[in-house]
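**Q** If you read the sequence shown in full-length UniProt numbering, its first letter stands for residue 1, the second for the next number, and so on.
Cβ atoms here follow ideal geometry from the backbone N, Cα and C, with glycine treated the same way.
All values derive from a computational prediction rather than experimental measurement.
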Amino acid sequence: MPFGNIGIGGLVLILVIALIIFGPSKLPELGRAFGRTLSEFKNGTRELFNGDKEDGDSKKEASEDKNPKVVTLDKQSS
1 MPFGNIGIGG LVLILVIALI IFGPSKLPEL GRAFGRTLSE FKNGTRELFN
51 GDKEDGDSKK EASEDKNPKV VTLDKQSS
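(1) Return helix, strand or coil for K42, following the three-state DSSP convention.
(2) For the alpha helix (DSSP H) that contains I8, what are its first and last residues?
(3) To the nearest angstrom, how far is it from the Cα of I20 to the Cα of G51?
(4) Report the rounded CA-to-CA distance for R36 versus G7, giving the unit in angstroms.
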């Protein structure tokens with residue numbers, strides 16, 4: 001049961017209510033829109049997690065480059 005506590009009966013009830021509210025001509029359009037939205041959400045979360053891993057790698061490289069540079073200043077008399 002992939003929908004948590006919603007059983008088959010609950011799912012059928014939701015589909016019947018959606019059919020009554022939106023009508024049979026709008027349901028395929030709503031299904032496509034829902035599918036696109038879900039796909040964009042999955043891609044966004046995947047990019048977010050992959051971006052965090054890449055940021056961690058660049059932070060590691062940046063911390064290795066933090067060698068202090070010695071700068072000497074000559075004191076000039078005026």
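**A** Working from what's here:
(1) Here residue 42 refers to the residue found at position 42 of the sequence shown. Residue state, collapsed to three classes: helix.
(2) Here residue 8 is taken as the residue at index 8 of the sequence shown, counted from 1. First-last of the alpha helix (DSSP H) with I8: I8 to F22.
(3) In the sequence shown, the residue the question calls residue 20 occupies position 20. In the sequence shown, the residue the question calls residue 51 occupies position 51. Going from the Cα of I20 to the Cα of G51 covers about 43 Å.
(4) Position 36 of the sequence shown, counted from the start, is the residue given in the question as residue 36. Position 7 of the sequence shown, counted from the start, is the residue given in the question as residue 7. Using only the alpha carbons, I get a separation of about 25 Å.
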